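Only one structure is covered here, and it is reproduced in the block below.
In the working numbering, the protein residues as written are 3 to 107.
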């Protein structure tokens, strides 16, 4: 399962990580987000120990969604060394996410 990331934990979990970090910005009411969620959970299991995979509920945690210009959800960002290296907006096949992680490893 993907890690739940909040505004309070974002800096420590995402920006200070020594591994690539995948962040799925989502909301419970968002239909396409419910399609991406299981894919992100699969990716989390497959990359356990190699990358951090988490989710940010934008309804409860708006600070970093606003900071990184997340205007549509789902948006999946990949961070490396605290910087965005990949941005995917909307529903995509799993390979799009795994390719982005592999490029950051």
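Cβ atoms here follow ideal geometry from the backbone N, Cα and C, with glycine treated the same way.
The structure displayed is predicted, hence computed values, not measured ones.
| Check | Outcome |
| --- | --- |
| Pair within 7 angstroms by beta-carbon distance, residue 25 and residue 72 | no |
| Per-residue DSSP class, three states only, for residue 82 | strand |
| Which listed residue (70, 8, 91, 76) has its alpha carbon closest to that of residue 31 | 76 |
| Assumed close pair residue 66, residue 9 - CB separation to whole angstroms, cut-off 8 angstroms | 6 angstroms |
| Residue environment, residue 84, which counts as buried when at least 16 other CB atoms sit within 10 Å | exposed |
| Among 11, 21, 16, nearest to residue 106 - alpha-carbon criterion | 21 |
| Under 7 angstroms between C-beta atoms of residue 91 and residue 37 | no |
| Whole runs of the beta strand (DSSP E) within the segment 9-64, excluding any shorter than 3 residues | 23-28, 54-59 |
| First through last residue of the alpha helix (DSSP H) which encompasses residue 103 | 96-106 |
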